[in-house]
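First to last, the protein sequences are chains A and B. Under numbering that gives the first Met the number 0, the first residue of the first sequence is numbered 0, with each subsequent residue one higher. Under numbering that gives the first Met the number 0, the first residue of the second sequence is numbered 0, with each subsequent residue one higher. Comments concern the structure below.
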Amino acid sequence: MESTARTFKKNAKQALADTRLRDALDKLSDGFPAKRRDAAARLPEFDDLRDAARDIKQHVLANLGFYLEQFEARVIEAGGAVHWCRSAAEARTTILRICKQAGAKTVTKSKSMISEEIGINDHLAAHGVEPIETDLGEYIIQLRHEPPSHIIAPAIHLTKGQIADTFRDKHRHLQADRNLEEPRTLLEEARGELRRKFIAADVGLTGANMLVAETGSIVLVTNEGNADLTYSLPKTHIALASLEKIVPTLEDATTILRVLARSATGQDMSVYTTFCTGPKRAADLDGPEDFHVVLLDNGRTKMLGSEFHDMLRCIRCGACLNHCPVYKAVGGHAYGWVYSGPMGAVLIPNLIGLDEAGHLPNASTLCGKCEEVCPVRIALPRMLRAWRKRQFEQEKTAFVSRAALKFWAALARRPWLYRLAVAAPVAVLAALGRDKGRFRWLPFGGGWTTLRDLPAPQGGTFVSRWHKENKP
Amino acid sequence: MSDARADILAAVKAAMPGADEGKEGARQRLANHRANVIPARGRLGDKARVDLFIREAERVAATVARVSSLAGVPREVARYLARHNLPMSLKIAPDLSGNTIPWTEQTLLSVEEGAANGTEPAGVSRAFAGVAETGTLVLLSGPGNPTTLSFLPPTHVVVVAAAEIVGDYEQVWGRLRAEKSGPDSRFMPRNVNWITGPSRTADIEQSLLLGAHGPQRLHIVIVDG
């Protein structure tokens, strides 16, 4: 997918001015965090499970080569095939080849962020194979030619009115004056359209939430059941997954499932969790005859052992997005590529480079909420800082910022100078603002005061008060 | 073109040079499949465990009925369909076929066996287990239990024995390994489906709707006998 991460600042400004997006994001930030909190409160072992999930992923990364080979051997034993792909281009070529071999005209797809990452839809379409997204949100944004704006709620940025307009525009074979006012009627229409496509599809392309080394199984998690119709109806099932999705055993997968839905939507368990192993067995009445796993690197091995190693623990639950003040203000599209929010700001520069995505690690207040809610305890703020440090070292930071940082560092390393430099303006501002207690305008302070007043300082600096009030 | 598999494994090895020392531990882990943290929630006596299963299943919008033996299943299914004003037509899993269950006694029911094709108003499956922890059903695919029955019909009825309801998922894996393992330890069927409530979506303005692609109704029949 084409990136617009370079223009993050412009994207963010546009997003902030979009009132419909505001409403949608407000709804999101009311919903998911409260549901996650309730789910966590219902399970006393939740934090222990998070520790266990972190340890599983950490163990896998330390033994990744071993587990990948084990997984591959089990898939082959079960009658499936594994295709190793170094890059997005290799994965695209592989998937297209399998589709062509299957004589595919249409491919149904269940939601996969990796498929967005490699841009498979455009590639298939360009070669005469029609890809059909089946997750309701993904289907809507596919009709609109938009990327997802949230990992687990891809159409979060749209209102039902916008969706109704899209359906009216794209489903021309249906009666023009039909009622599309309610979410229920929109759902029924999409369900009807997609039903026919599920049954007609030649290939089903899914992602994988996990790969189980013990059994060669892939794990699929959905609430709609679209992944299950995607793999069970066509003759060929392709599962696309990146290397780090691997877990050792079914028990390990189970532990991660216990934290995944709770962190994502606040459900105790998603509605459908499926473990697929190999193609259908000879006597089975349904299921795919061919099973392929496309195993993608695309930058993961470069992250291994680096300061971004822990990012490979991510299970794509979206909790860090839901709790991020920046994500909640600008939404997912502003980030300009497939991923967004804190996990996106760490991952995207790894995948498309710091030159392209340099703004993203800076689009954070480092409030730490993302790390606090992460089910596998990824230290996202530390990694955001690591990117900023690299930018500074590579002299990619803007001149003004560099100068300001240098000036600040000079003060911070000399406490006596720092205190003096802070105490003087505080005293001046306190004197000037004594009457009103606030400033509506300050020289060089426009960035703050255009949107709100600055309270006047009272009673000296923190350090001076600390000394005064802690005197024995 | 150089070999992608070799390149990737070489890159992994280069990034994690110490990995070989951990190999034995990793091998053990695969062989022992040790459980991690299991929530205490499901650790209950038989009666309380089934009660928890019912509570959790109802919490996620499934409905539950209990019958005293397999012979009572057809009557319960007919009652459920009639009460919800649904067509009295079923596709059933061959595992639940007429030899063991008196479907013909319910003369209003039209019953067929096999996989679903998208035209059936209701499907009936047999669960391998129920998990009290979250009210989750565990279904195994096989000649006697086609996967499509769980997803294509708008109404899904699942039959599970009370004795098969366990506290946590780990017990299901244990039972699966014990019962299905052949000489080659390939105990997994093509699909193991965990089902927790009926299909749902919140993709449109976050309003929760049941019956997205899968069934809108999930009715669980617990067989006590």
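Note that the Cβ used here is the ideal one computed from N, Cα and C, for glycine as well.
C-beta atoms of residue i and residue j nearer than 8 Å
i        : j        : result
Asp267/A : Thr133/B : yes
Asp283/A : Gly141/B : yes
Val157/B : Val130/B : no
Ala126/B : Thr147/B : no
Ser231/A : Phe150/B : yes
Val218/A : Val211/A : yes
Thr264/A : Lys196/A : no
Val375/A : Ala52/A  : yes
Arg42/B  : Ile221/B : no
Gly210/B : Pro153/B : yes
Leu472/A : His212/B : This structure cannot speak to residue 472/A, because chain A is shown only from 0 to 471.
Asp201/A : Thr235/A : yes
Ser114/A : His332/A : no
Ile100/B : Ala121/B : no
Ala103/A : Val128/A : yes
Gly79/A  : Met0/A   : no
Val258/A : Arg49/A  : yes
Lys169/A : Leu186/A : no
Arg73/A  : Thr253/A : no
Val191/B : Leu139/B : yes
Tyr271/A : Ile194/B : yes
Ala240/A : Gly277/A : no
Member of the options whose CA lies at the smallest distance from the CA of residue i
i        : options                                : result
Asp6/B   : Thr300/A, Arg35/A, His126/A, Thr165/A  : Thr300/A
Leu135/A : Phe166/A, Gly127/A, Val128/A           : Phe166/A
Asp97/A  : Lys388/A, Ala238/A, Pro380/A           : Looking at the sequence provided, one finds Ile at residue 97/A rather than Asp. Per the Cα distances, Ala238/A.
Glu169/B : Ser124/B, Asn31/B, Ala14/B, Pro153/B   : Asn31/B
Ala47/B  : Phe186/B, Val222/B, Ser96/B, Gly166/B  : Gly166/B
Val421/A : Glu68/A, Asp296/A, Pro456/A, Val270/A  : Pro456/A
Val49/B  : Gly210/B, Ile164/B, Arg216/B, Lys179/B : Ile164/B
Gly203/A : Pro233/A, Lys470/A, Gly224/A           : Pro233/A
Ala39/A  : Ser262/A, His332/A, Leu431/A           : Ser262/A
Ala13/B  : Asn208/A, Ser305/A, Arg190/A           : Ser305/A
Arg437/A : Arg315/A, Leu453/A, Leu249/A, Thr253/A : Leu453/A
Thr364/A : Ile351/A, Leu416/A, Gly340/A           : Gly340/A
Asn208/A : Ser2/A, His156/A, Thr273/A, Ala362/A   : Thr273/A
Lys99/A  : Ile75/A, Pro130/A, Leu350/A            : Pro130/A
Neighbour list for residue i in chain A, Cβ cutoff strictly below 8 Å
i        : result
Thr133/B : Asp267, Met268
Arg48/B  : Near Arg48/B there are no residues of chain A at all, since even the closest Cβ is about 16 Å away, more than 8 Å.
Lys12/B  : Gly64
Thr226/B : Since the first residue of chain B shown is 0 and the last is 224, residue 226/B is not available in this structure.
Ala114/B : Leu284, Asp285
Chain B residues whose Cβ lies nearer than 7 Å to that of residue i
i        : result
Gly136/A : Asp202
Pro130/A : The contacting residues do not exist; Pro130/A stays about 17 Å from chain B at best.
Cys275/A : Arg189, Asn190
Where residue i meets chain B, residues with beta-carbon distance less than 9 Å
i        : result
Arg472/A : Residue coverage of chain A in this structure runs from 0 to 471, which leaves residue 472/A outside it and unanswerable.
Pro32/A  : Chain B residues near Pro32/A: none, gap ~13 Å exceeds 9 Å.
Arg280/A : Ser140, Gly141, Pro142, Pro188, Arg189
Gln69/A  : Ala25, Arg26, Leu29
Asp227/A : Thr146, Thr147, Ser149, Phe150, Asn190, Asn192, His212, Gly213
Ser216/A : Met187, Val191
Listed by chain order, chain A residues near residue i by CB distance under 7 Å
i        : result
Gly196/B : Val270
Arg216/B : Within chain A, no residue comes near Arg216/B; the closest Cβ sits about 13 Å away, beyond 7 Å.
Asn98/B  : Ordered by position in chain A, no residue passes the 7 Å Cβ test against Asn98/B, which lies about 18 Å from the chain.
Arg185/B : Glu76, Ala77
Within chain B, partners of residue i - CB distance below 8 Å
i        : result
Lys26/A  : Glu204, Gln205
Gly317/A : Ordered by position in chain B, no residue passes the 8 Å Cβ test against Gly317/A, which lies about 13 Å from the chain.
Residue i CB to nearest heavy atom of the ligand ATP below 7 Å
i       : result
Ile55/A : Absence of the ligand ATP is noted for the structure shown, with no ligands found whatsoever.
Contact list for residue i against chain A, beta-carbon separation under 9 Å
i        : result
Trp102/B : Here the premise fails: no neighbours, minimum Cβ distance about 18 Å.
Pro145/B : Ser231, Asp283, Leu284, Asp285, Gly286
Exercise. Do the stretch 300-320 of chain A and the stretch 122-130 of chain A touch if we need at least three Cβ pairs shorter than 8 Å?
Worked result: no
For this session: Spell out a yes or no on whether the stretch 174-189 of chain A and the stretch 191-207 of chain B are touching, meaning 3 or more CB-CB pairs, one atom from each, closer than 8 Å.
Result: yes
Exercise. Using Cβ-Cβ distances below 7 Å, what residues of the stretch 80-107 of chain A are close to chain B?
Worked result: Trp83, Cys84, Arg85, Glu89
Exercise. Would you say the stretch 86-100 of chain A touches the stretch 305-313 of chain A, given that touching needs at least three Cβ pairs under 8 Å?
Worked result: no
Exercise. Do the stretch 27-38 of chain A and the stretch 282-295 of chain A make contact, defined as three or more Cβ pairs closer than 8 Å?
Worked result: no
Exercise. At a cut of 8 Å, does the stretch 406-415 of chain A reach the stretch 441-448 of chain A through at least three beta carbon pairs?
Worked result: no
Exercise. Does the stretch 95-111 of chain A come within contact of the stretch 160-178 of chain A, defined as at least 3 CB pairs closer than 8 Å?
Worked result: no
For this session: Please determine if the stretch 15-28 of chain A and the stretch 15-27 of chain B are in contact, where contact requires at least 3 C-beta pairs separated by less than 8 Å.
Result: no
Problem set entry | the stretch 168-180 of chain A: positions lying closer than 7 Å to chain B by Cβ | none
Problem set entry | Near-chain A residues of the stretch 3-34 of chain B - C-beta to any C-beta below 7 Å | Ala3, Arg4, Asp6, Ile7, Leu8, Ala10, Val11, Lys12, Ala14, Met15, Ala18, Gly21, Lys22, Ala25, Arg28, Leu29, His32, Arg33, Ala34
For this session: Could you name the residues of the stretch 73-95 of chain B whose beta carbon sits closer than 7 Å to any beta carbon of chain A, in the order they occur along the chain?
Result: none
Exercise. Touching or not, the stretch 370-384 of chain A and the stretch 338-358 of chain A, by the rule of three or more beta carbon pairs under 8 Å?
Worked result: yes
Exercise. Listed in chain order, which residues of the stretch 146-166 of chain A have Cβ atoms closer than 9 Å to some Cβ of chain B?
Worked result: Ala152, Pro153, Ala154, Ile155, Leu157, Thr158, Lys159, Ile162
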